[in-house]
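Participant: Position 39, counted from 1, in the sequence shown is what UniProt numbering calls 39; the numbers after and before it change by one each time, with no gaps.
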Amino acid sequence: MSSEDEKENKKAWEKGGAKYNSKSYSEYFDPCQEAADRSLRCLRRNGGDKTLCSDYFEAYRECKKQWMAEMKEEKRKQGRWW
1 MSSEDEKENK
11 KAWEKGGAKY
21 NSKSYSEYFD
31 PCQEAADRSL
41 RCLRRNGGDK
51 TLCSDYFEAY
61 RECKKQWMAE
71 MKEEKRKQGR
81 WW
């Protein structure tokens, strides 16, 4: 993945992350939904050929990994273990 793709992923997380963090704890929002939607659109556009969409999948995985790490750290700070 190029550094430009990484910058785009970080921007997507910052945009979605801010939206997620502004909601109350009980309201669910996935800041990586846009990346997930792009990967699904790629699959539809390419007739289900996953090899052509690997960059989209990688972007989604990186976004999700970052989001989960931040959520885990936030829960740890708040004393939540679940």
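Beta carbons are placed, not taken as given, at the ideal position from N, Cα and C, and that holds for glycine.
What number of angstroms, rounded off, separates the C-alpha of LEU52 from the C-alpha of TRP67?
Facilitator: Roughly 25 angstroms separates the two Cα atoms.
Participant: Since CYS42 is in the alpha helix (DSSP H), which residue starts that stretch and which ends it?
Facilitator: 33 to 45 is the extent of the alpha helix (DSSP H) around CYS42.
Participant: According to DSSP, is ASP55 helix, strand or coil?
Facilitator: Three-state result, ASP55: helix.
Participant: With a threshold of 16 other CB atoms inside 10 Å of the CB of residue 89, please say whether the residue is buried or exposed.
Facilitator: A query on residue 89 cannot be resolved here, the shown segment of the chain reaching from 1 to 82 and no further.
Participant: Tell me, to the nearest whole angstrom, how far the beta carbon of TYR56 is from that of ARG44; I am working on the premise that it is less than 8 angstroms.
Facilitator: Rounded, the Cβ-Cβ distance is 12 angstroms, inconsistent with contact.
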